[in-house]
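So the structure is just underneath, and the comments pick up after that.
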Amino acid sequence: MTIERVHVPTKTRFVGRSLPTRGAEDVATGALKYLTDKTLPDMLHGKIARATIPHGRLVRLSTEVAREVPGVVAIVTAADVPNNIQGAVVLDQPVLIKDRIRQLGDAVALVAAETLAAAEAGAAAIEMEVEPLPVVSDPELALSPSTPRLHDGGNLLMELSHERGDVEASLADAAVVIERTFHTQTQEHVCLEAGGGVGLYENGLFTIWVGTQYPGNAQREVARALEIEENDVRIISTPMGGAFGSKSDGPLPIFLALLAKATERPVRIVLTREEIMAVGTKRHPFRVHTRLGLDENGRILAVDVDALVDAGPYASFSPAVLKVATEVSTGPYRVANARFSGRAVYTNNGNGGGFRGYGVPQVVFPIEMALLEAAERLVIDPVEIKRRNLLRPGDPHGLYGHVVGPSFMAVEALDAIADHPWWRERESWKAQASGPWARGTGIAAALKGCGYGSARGDHAGARLALGTDGSITIWAGPNHSGQFIEA
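Numbering (the working numbering), first residue to last: 973 to 1459.
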């Protein structure tokens, strides 16, 4: 199959030009007002009372003392939530804990007060009696029958496998087989703006200003938890001070809606860095066992990947992360024989969720390291071994077999990088290191798609209206995530 690239010159005011971003000066100078800066007249302050252990049973919860704290206006518990469940992909996380604590920092109650100090004092005065339970911290041990089950269905959240060709026969024929187990760690996003917003309830309708990358998802979550129509909820999500996946899901919009309705006044919640570090979603830690087989010329014959994913206590986007990891597990390389086996497992560790390129770095790192070791064994330049194996337009994808399109320019990208002074002159650059510092260089290649991956069908929509003056008004979903200001 031959695919011909056709270059069509484009004349626009934007493409190929370096133009200042609208609102960039406000971002750079700190003048931009984010949603955590927002205030409204007669506004209350919200605080979340949280669990102080990672796993336990909530035996007793008392709010009597907290309600007497001067300035406290309302306290909301699980009993006040019409439908106490939420989740972006799997409905497995209580909005507020009723009995089982699965994470350090799980939300137990919400407090609204006249001042932030009063809200903090009210949250601190909430009395909890908790029975500690054994902590499940090892994803491998989590699958043992003797390990406590964190959810009714057990600790296996999702299992996925796919195979193309004959992996075992190809590995047996390989001149070199690299077999290694790699571990990647959890990561915190550390957005400049930790998170927060304001909730307003009036005339039976909710308006919620909250930084979220998926306003539609937040709207659905609020409507589900409060058992109301989605059209009764308006989410205003821009601008936000960074996201990177961390503001893809979570119960914060629901918290704002619950307190706004309970008090019939605007309520503001601003999360602390400590709260986000405890309960915010993280990059998933992976344990990846990789086998890479090559012939004597450095051509990849087979890739076998087994991945164990620590999802933490709730699903969040783990199913999509595992599916994306499957799709990219062969990298941007020609692979005729490939196999992927993956499991996402519940633990009491930090919750895994959306994080830039989710599912990609965790499986790209192993195959890139294995390919580098193979180049050393076969005495082939590390750039050349990549060039021999990179996918070209018209090639089938290594695992799923779909044909790579004409816009896939991995070889051209590699050649451009290899010709760059940063690579060509790397030895002299490394030699300039001084003191205790060392310098290193490397080239890695990765494959990345968009959205949730094929584990869950993405959807998008837009509405256009043509004015009588010839103008076009567009309503669309893309929102500010910390990288730009809305046009």
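Here a beta-carbon is modelled for each residue, glycine too, at the ideal position from N, C-alpha and C.
Identity of the residue in the options nearest residue i by Cα
i                  : options                            : result
phenylalanine 1154 : Ile1339, Leu1363, Val1355, Lys1420 : Ile1339
arginine 1196      : Phe1216, Phe1227, Met1130          : Phe1227
leucine 1231       : Glu1268, Ile1047, Glu1086          : Ile1047
arginine 1032      : Gly1043, Val1044, Thr1049, Lys1019 : Thr1049
aspartate 1009     : Gly1439, Glu1165, Arg1255, Ala1144 : Glu1165
glycine 1414       : Gly1329, Asp1071, Pro1354, Gly1433 : Pro1354
leucine 1030       : Glu1101, Thr1011, Lys1005          : Glu1101
aspartate 1014     : Gly1171, Arg1315, Pro1257, Lys1420 : Gly1171
glycine 1137       : Gly1028, Gly1324, Ala1310, Glu1201 : Ala1310
arginine 1259      : Asp1278, Lys1233, Leu1012          : Asp1278
lysine 1254        : Lys1402, Asn1323, Phe1289, Gly1265 : Asn1323
histidine 1256     : Ala1079, Glu1268, Asn1320, Gly1284 : Gly1284
leucine 1371       : Ala1060, Val1139, Leu1129, Glu1099 : Val1139
aspartate 1052     : Leu1129, Asp1145, Leu1198, Thr1024 : Leu1198
alanine 1229       : Ile1248, Gln1185, Arg1263, Leu1177 : Leu1177
glutamate 1348     : Pro992, Glu1399, Leu1266           : Leu1266
glycine 1167       : Val1080, Arg1237, Leu1224, Gly1326 : Leu1224
glycine 957        : Glu1112, Pro1106, Val1062, His1161 : Here the chain covers residues 973 to 1459 and nothing more, so residue 957 does not appear.
glutamate 1174     : Asn1056, Val1239, Ile1073          : Val1239
isoleucine 1025    : Ala1388, Asp1204, Val1251, Ile1352 : Val1251
glycine 1366       : Phe1380, Gly1059, Ala1434, Asp1282 : Phe1380
glycine 1433       : Asn1321, Gly1326, Pro1187          : Pro1187
Neighbourhood of residue i by C-beta distance below 6 Å, restricted to the same chain and skipping five residues each side
i              : result
glutamate 1397 : none
arginine 1206  : Thr1179
alanine 1097   : Val1037, Ala1038, Val1041
alanine 1095   : Lys1019, Ala1021, Val1083
alanine 1427   : Unreliable placement is indicated for alanine 1427, whose pLDDT of 43 sits below 50; the coordinate value is still reported in the next sentence. Contacts found: Pro1291, Ala1292, Lys1295.
glycine 1329   : Lys1420
arginine 1237  : Asp1014, Leu1016
alanine 1390   : Val1355
serine 1301    : Val1277, Phe1312, Val1335
threonine 1445 : Ala1437
threonine 1244 : none
Extent of the continuous alpha helix (DSSP H) run through residue i
i                  : result
tryptophan 1409    : No alpha helix (DSSP H) contains tryptophan 1409, which DSSP labels as neither H nor E.
arginine 1349      : 1332-1350
phenylalanine 1227 : 1224-1235
valine 1383        : 1382-1390
alanine 1292       : 1290-1299
proline 1251       : In the sequence as presented, proline is not what sits at residue 1251; that position holds valine. Element bounds for valine 1251: 1245-1251.
arginine 1359      : 1354-1361
arginine 989       : Taken as a continuous stretch (DSSP letters only), arginine 989 belongs to no alpha helix (DSSP H), as it is neither H nor E.
arginine 1396      : 1393-1396
Sequence-distant residues of the same chain with beta carbon closer than 7 Å to residue i, five excluded per side
i              : result
aspartate 1064 : His1123, Tyr1286, Ala1287
glutamate 1086 : Leu1016, Gly1043, Val1045
histidine 1134 : Thr1298, Phe1312, Leu1371
alanine 1342   : Ile1150, Arg1152, Thr1262, Leu1264
alanine 1090   : Val1041, Pro1042, Gly1043, Val1044
First and last residue of the uninterrupted beta strand (DSSP E) at residue i
i               : result
glutamate 1174  : 1168-1174
arginine 1328   : Neither: arginine 1328 is in no beta strand (DSSP E) and is coded neither H nor E.
isoleucine 1446 : 1444-1448
valine 1415     : Residue identity check: residue 1415 is isoleucine in the sequence provided, not valine. Neither: isoleucine 1415 is in no beta strand (DSSP E) and is coded neither H nor E.
valine 1045     : 1044-1048
alanine 1434    : 1434-1438
Strand pairing of residue i, partner residues [DSSP]
i                  : result
alanine 1316       : Met1130, Val1281
asparagine 1309    : Ala1274
alanine 996        : Answer by DSSP bridge pairing: none, since alanine 996 is not bridged.
glutamate 1103     : Arg1029
phenylalanine 1258 : Thr1156, Val1281
histidine 1017     : Ala1085, Arg1240
glutamate 1135     : Arg1311
glycine 1265       : Val1149, Ala1274
serine 1034        : Glu1099
arginine 1022      : Ala1079
proline 1368       : Val1375
Own chain partners of residue i with C-beta closer than 8 Å, once the 5 adjacent residues on each side are dropped
i              : result
valine 987     : none
proline 1333   : Thr1156, Arg1255, Ala1418
tyrosine 1006  : Glu1165, Gly1183, Pro1211, Met1212, Gly1213
leucine 1362   : Pro1304, Tyr1305, Arg1306, Ala1382, Val1383, Leu1386, Ala1417
leucine 1113   : Thr1119
aspartate 1071 : Arg1029, Leu1030
What residue ranges within the stretch 1057-1087 form continuous beta strand (DSSP E) runs of no fewer than 3 residues, ordered along the chain?
Taking only runs of at least 3 residues, the beta strand (DSSP E) segments lying wholly in the stretch 1057-1087 are 1079-1085.
Runs of 4 residues minimum, wholly inside the stretch 1174-1224: which ones carry the alpha helix (DSSP H) assignment?
If one requires a minimum length of 4 residues, the alpha helix (DSSP H) runs lying completely within the stretch 1174-1224 are 1187-1198, in chain order.
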